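Here is the structure we will look at.
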Amino acid sequence: MESYAIGRAGGTTVIAIEGDVTRQPVEAVVNSANEVLQHNESVATAIVRTGGRVIQEESDVWVLDNGPLEPGIAAVTTGGMLQASHVIHVVGPQYGEVDDPAELLASSTQAALQAAHEHGLKSVALPAIATGQKKYPIAEAAPVIVGAVVEWLQQNPDTLTEVRLVGFSKQQTDHFVAAVNDRLGA
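The following block contains the structure:
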């Protein structure tokens with residue numbers, strides 16, 4: 004049986020579900036990126052493979068214009084051939100190498116939601132940011148990501164219609180489900 008949870012925060016539906024973030028029926032997909040937006044790792048690779056080279060090309064231009072992406076900042080590109088019209092790129096913290104990884108992870112999560120809102124997008128799919136190459140343990144990351152989503156939605160009610168927290172594996176999904184249930188009583 005598939006694991007999932009549904010809750011509401013600030014007038015927005017929050018869903019935790021297992022799946023491929025690139026195939027979600029949303030307007031924006033969040034990419035857990037590296038600082039130079041070279042999409043050659045985990046989620047980023049899948050996004051470019053599915054969405055096409057234009058995502059990498061637009062990312063290269065963004066870095067040329069703005070410099071390396073930092074935690075708490077979002078870069079936005081088109082979605083290429085993805086179902087989603089936009090990709091929102093954020094950098095999570097390298098676990099074990101910063102003083103407060105939870106603060107940086109929350110900041111990056113909220114930057115993604117703010118970027119979606121600023122671009123007039125209403126639905127967003129987020130992966131387990133920083134849990135791959137950045138080695139943030141999913142058991143710690145999921146509550147931080149969910150908490151940041153809920154806090155942002157409560158501070159910005161009725162701006163988004165849906166936020167999907169997409170676990171690539173059952174383990175990731177189970178942690179997202181538990182965090183949504185804990186935070187929203189789903």
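Residue numbers (our numbering): 4 to 189.
Ideal Cβ positions, reconstructed from N, Cα and C, are used throughout, including at glycine.
Nothing here was measured: the structure is a model prediction, and the numbers come from that model.
| Query | Result |
| --- | --- |
| In DSSP terms, what Glu94 is bridged to | Per the sequence shown, residue 94 should be read as Val rather than Glu. According to DSSP, which records beta bridges pairwise, Val94 is partnered with Ala36. |
| Integer-rounded CB distance, given that Pro96 should sit under 8 Å from Pro74 | 6 Å |
| Exposure of Pro140, with buried meaning 16 or more beta-carbon neighbours within 10 Å | exposed |
| Unbroken stretches of the alpha helix (DSSP H), 4 residues or longer, contained in the region 30-90 | 45-54, 56-69 |
| Beta carbon of Val32 nearer than 8 Å to that of Val79 | no |
| 8 Å contact criterion, which Asn69 and His120 should meet: CB distance rounded | In fact, because the Cβ distance is near 20 Å, the residues do not count as touching under 8 Å. |
| 8 Å contact criterion, which Glu60 and Val94 should meet: CB distance rounded | Contact flag wrong, Cβ pair sits at about 19 Å. |
| Start-end ranges of the beta strand (DSSP E) lying completely within the region 116-153, minimum 3 residues | 126-129 |
| Supposed close pair Ala8, Leu156 - CB separation, criterion 8 Å | Wrong, their Cβ atoms sit about 15 Å apart, outside the cutoff. |
| According to DSSP, residues forming a beta bridge with Leu168 | Ala19, Leu129 |
| Close-in-space but distant-in-sequence residues of the same chain around Gly10 (CB under 6 Å, 5 per side omitted) | Val17, Val183, Leu187, Ala189 |
| Val127 and Ala144 closer than 8 Å at C-beta | no |
| Through-space distance from Leu124 to Glu165, alpha-carbon basis | 10 Å |
| N- and C-terminal bounds of the alpha helix (DSSP H) containing Arg186 | 173-187 |
| Residue nearest to Asp23 in terms of C-alpha spacing, selected from Gln175, Phe179, Gln174, Gly170 | Gly170 |
| Contact under 8 Å by Cβ, Glu30 with Ala77 | no |
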